[in-house]
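One structure is given here, and the rest of the page talks about it.
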Amino acid sequence: MIANYGYKDGSGDYYISIDTDKCIECGANRACLTACPKGMFEIMTDDYDDEVAWIKAQFRKSLKYDCADCKPAAGYSSLPCTTACTPGAVKHSW
Amino acid sequence: MSAVMQQTTAPEKPEYWRWQENTWVDETMNWRDAKIVTCGIDVGSVSSQAVLVCDGKLYGYNSMRTGSNSPDSARNALQGVMDKCGMKLEDIHYVVGTGYGRVNVPFSHKAITEIACHARGANYMGGNKVRTILDMGGQDCKAIHCDEKGKVTNFLMNDKCAAGTGRGMEVISDLMQIPIAELGARSFDVDEEPPAVSSVCVVFAKSEALGLLKAGWTKNKVVASYCQAMAERVVSLMERIGVEKEFFITGGIAKNPGVVKRIEKIIGIEALKTEYDSQIAGALGAALFGYTLVQKGQAKQG
Chain A
6 MIANYGYKDG
16 SGDYYISIDT
26 DKCIECGANR
36 ACLTACPKGM
46 FEIMTDDYDD
56 EVAWIKAQFR
66 KSLKYDCADC
76 KPAAGYSSLP
86 CTTACTPGAV
96 KHSW
Chain B
224 MSAVMQQTTA
234 PEKPEYWRWQ
244 ENTWVDETMN
254 WRDAKIVTCG
264 IDVGSVSSQA
274 VLVCDGKLYG
284 YNSMRTGSNS
294 PDSARNALQG
304 VMDKCGMKLE
314 DIHYVVGTGY
324 GRVNVPFSHK
334 AITEIACHAR
344 GANYMGGNKV
354 RTILDMGGQD
364 CKAIHCDEKG
374 KVTNFLMNDK
384 CAAGTGRGME
394 VISDLMQIPI
404 AELGARSFDV
414 DEEPPAVSSV
424 CVVFAKSEAL
434 GLLKAGWTKN
444 KVVASYCQAM
454 AERVVSLMER
464 IGVEKEFFIT
474 GGIAKNPGVV
484 KRIEKIIGIE
494 ALKTEYDSQI
504 AGALGAALFG
514 YTLVQKGQAK
524 QG
């Protein structure tokens with residue numbers, strides 16, 4: 006399942022997508038949990054009883070601002086979360 | 224000489240936004256004959272539904288406006304349908320809560336997200352060919368992809384902005400002083416299709432609509448313009464996950480042909496029709512999840 010967390014507003018689309026099929030048997034030892042400087046990821050049991058990562062509810066409506074520090078404008082050449090997720094389950098839409 | 228103050232009361236203002244609440248049970252069925260009775264309760268931000276399922280088949284439902292208290296909304300929704308068929312809470316084997324208030328359904332056995340429940344409900348209502356689901360809820364909008372079993376394969380939700388939601392339509396209904404059930408039909412009663420209102424924000428769309436009225440637009444033309452904006456808005460969300468044929472719309476706005484037909488025109492796909500109330504999809508899916516869980520439990524017990 007591709008789970009998209011985030012929103013669309015007048016300035017653009019801000020979604021972090023998580024491919025839960027790649028996430029169930031995580032090959033990166035849940036590295037997303039520690040890679041994100043804001044601690045936005047957590048593990049939960051989804052509706053189909055699989056343990057997968059999701060974005061904490063308090064961050065879902067402010068991704069544009071919360072993720073800004075990790076974007077190229079802040080000096081990063083790659084996002085810490087997508088880099089840490091070696092199975093390639095995490096993607097940003099912007 | 225003494226002045227007498229006359230107490231006056233403001234005239235009652237018609238509530239154009241108020242949609243029809245309804246209760247229904249299938250008179251051809253008798254719930255007492257069912258081996259497994261399950262219930263789904265969807266406590267949404269604007270409406271609440273209780274759906275009863277007997278042996279995996281839809282038996283009855285109640286759809287009403289959500290009050291200020293989620294547990295009471297859940298109780299009232301269920302009581303409405305139970306009263307209609309003489310059922311009691313203890314007659315129900317399993318209750319699943321869903322929607323924004325799912326964790327506040329006091330008598331539920333399990334809470335499941337509305338994403339999974341809408342997919343399961345749409346799979347029942349539209350058949351197992353349904354692949355793309357658009358749920359236009361009271362205060363959010365969801366685009367969902369599912370497989371032939373109604374299992375979610377891709378979803379996204381927008382609950383940050385009221386554009387493209389039922390609440391946005393209620394605001395326009397009140398502003399135009401047109402009953403909400405008539406908005407769709409009125410939006411087609413125009414000489415030519417107007418462009419969409421430019422703003423994607425409900426607040427600014429409201430001010431823009433007022434400006435258009437002042438500029439001489441008819442109410443119908445403004446409504447048409449707003450319906451078009453809403454359709455464009457939700458289509459842009461759906462395009463993110465990709466639209467496949469066998470497309471189904473759930474939620475209250477599925478009852479508004481002014482938005483539905485414009486969505487169909489933009490994506491070039493006709494939405495599947497259903498005999499059921501589009502607002503019950505979430506609660507129906509929850510009740511069906513409950514049915515599967517009871518069956519699994521019974522199978523384990525041997």
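Read top to bottom, the protein sequences are chains A and B.
The opening position of the first sequence corresponds to residue 6 in the numbering used here, with each subsequent residue numbered one higher.
The opening position of the second sequence corresponds to residue 224 in the numbering used here, with each subsequent residue numbered one higher.
Note that the Cβ used here is the ideal one computed from N, Cα and C, for glycine as well.
Inset, instruction - Jot down the residue ranges of each uninterrupted beta strand (DSSP E) in the stretch 277-337 of chain B, minimum 3 residues, whole runs only, in chain order. - result: 280-288 and 317-321
Inset, instruction - Could you list the residues in the stretch 334-350 of chain B with a C-beta less than 9 Å from some C-beta on chain A, going in chain order? - result: I335, T336, I338, A339 and C340
Legend entry - Where A:C59 sits in the DSSP three-state scheme: With the sequence shown as reference, residue 59 of chain A is identified as Trp, and Cys is not the correct amino acid for it. In this structure, A:W59 counts as strand in the three-state DSSP scheme.
Inset, instruction - Check whether the Cβ atoms of B:S268 and B:G361 sit closer than 8 Å, and answer yes or no. - result: yes
Inset, instruction - Taking B:F378 as the query, report the chain A residues whose CB atoms sit under 7 Å from its CB, ordered along the chain. - result: For B:F378, the residues of chain A that pass the 7 Å Cβ criterion are A8 and N9, in the order they occur in the chain.
Legend entry - When B:V375, B:E250, B:L433 and B:K307 are compared against B:V420, the one with the closest alpha-carbon: B:L433
Inset, instruction - Return the CA-CA distance between B:G303 and B:C364, expressed in angstroms with no decimal places. - result: 27 Å
Inset, instruction - Check each candidate in B:R241, B:K488 and B:N479 and name the one with the smallest Cα separation from B:M359. - result: B:N479
Legend entry - Interface flag, B:L460 vs chain A, CB-CB below 8 Å: yes
Inset, instruction - May I ask you to list the residues that DSSP assigns as paired with A:H97? - result: A:I21
Inset, instruction - Under 7 Å between beta-carbons, which chain A residues line up against B:V375? List them in chain order, please. - result: Within 7 Å Cβ-Cβ: M6.
Inset, instruction - Please determine, among B:S410, B:D382, B:T376 and B:K383, the residue with the shortest C-alpha to C-alpha distance to B:I395. - result: Taking the Cα of B:I395 as reference, the smallest distance to any Cα among B:S410, B:D382, B:T376 and B:K383 is reached at B:S410.
Legend entry - Inside the stretch 406-466 of chain B only - alpha helix (DSSP H) runs reaching at least 4 residues: Taking 4 residues as the minimum length, the alpha helix (DSSP H) runs contained wholly in the stretch 406-466 of chain B are 406-410, 425-437 and 442-464, in order along the chain.
Legend entry - CB contact check: B:R390 to chain A, cutoff 8 Å: no
Legend entry - Close beta carbons around B:C308, own chain, < 7 Å, minus the five adjacent residues each side: V248, W254 and G283
Inset, instruction - Residues of the stretch 33-55 of chain A with a CB closer than 9 Å to any CB of chain B: list them in chain order, please. - result: D51, D52 and Y53
Inset, instruction - Specify, as a first and last residue, the run of the beta strand (DSSP E) that A:A8 falls within. - result: I7 to D14
Legend entry - Nearest to B:S164 (by Cα), restricted to the options B:A273, B:G520 and B:I492: Since the first residue shown for chain B is 224 and the last is 525, residue 164 of chain B is missing from the structure and cannot be characterised.
Inset, instruction - Give a yes or no on whether 8 Å exceeds the smallest Cβ distance from B:R325 to chain A. - result: no
Legend entry - Given 8 Å, three or more beta-carbon pairs between the stretch 338-354 of chain B and the stretch 453-462 of chain B: no
Legend entry - Three or more C-beta pairs below 8 Å linking the stretch 52-66 of chain A and the stretch 15-29 of chain A: yes
Legend entry - Beta-carbon contacts of A:Y20 that lie in its chain and below 6 Å, excluding the five residues immediately before and after: Scanning its chain for C-beta atoms nearer than 6 Å, with the 5 sequence neighbours on each side dropped, one finds around A:Y20 the residues N9, G11 and S98, in chain order.
Legend entry - the stretch 311-321 of chain B contacting the stretch 493-513 of chain B, beta-carbon criterion three pairs below 8 Å: yes
Legend entry - Start and end residues, beta strand (DSSP E) containing A:T87: No beta strand (DSSP E) holds A:T87; the alpha helix (DSSP H) holding it covers P85 to A89.
Legend entry - Residues that B:V248 bridges to, as DSSP identifies them: B:G283
Inset, instruction - Would you mind giving the Cβ-Cβ distance between B:I472 and B:L301, rounded to the nearest angstrom? I have them listed as a contact below 8 Å. - result: Going by Cβ atoms, the distance from B:I472 to B:L301 rounds to 26 Å, so no, they are not a contact pair.
Legend entry - 9 Å Cβ cut-off: residues of chain A touching B:R463: By Cβ distance, chain A contributes N9, K13, D18, Y20 and S98.
Inset, instruction - Would you kindly report the start and end of the unbroken alpha helix (DSSP H) that includes B:I401? - result: Neither: B:I401 is in no alpha helix (DSSP H) and is coded neither H nor E.
Inset, instruction - Could you check if A:K43 is buried or exposed, using at least 16 other CB atoms within 10 Å of its CB as the buried criterion? - result: exposed
Inset, instruction - Compute the Euclidean distance between the alpha carbons of B:S291 and A:P77, then round it to the nearest angstrom. - result: Whole-angstrom Cα-Cα distance: 44 Å.
Legend entry - Reduced DSSP category for B:M348 - H, G, I as helix; E, B as strand; rest coil: It is helical.
Inset, instruction - Would you grab the beta carbon distance between B:R354 and B:E467 for me? Rounded to a whole angstrom, and I think it's under 8 Å. - result: 4 Å
Legend entry - Alpha-carbon spacing of B:T497 relative to B:E469, whole angstroms: 12 Å
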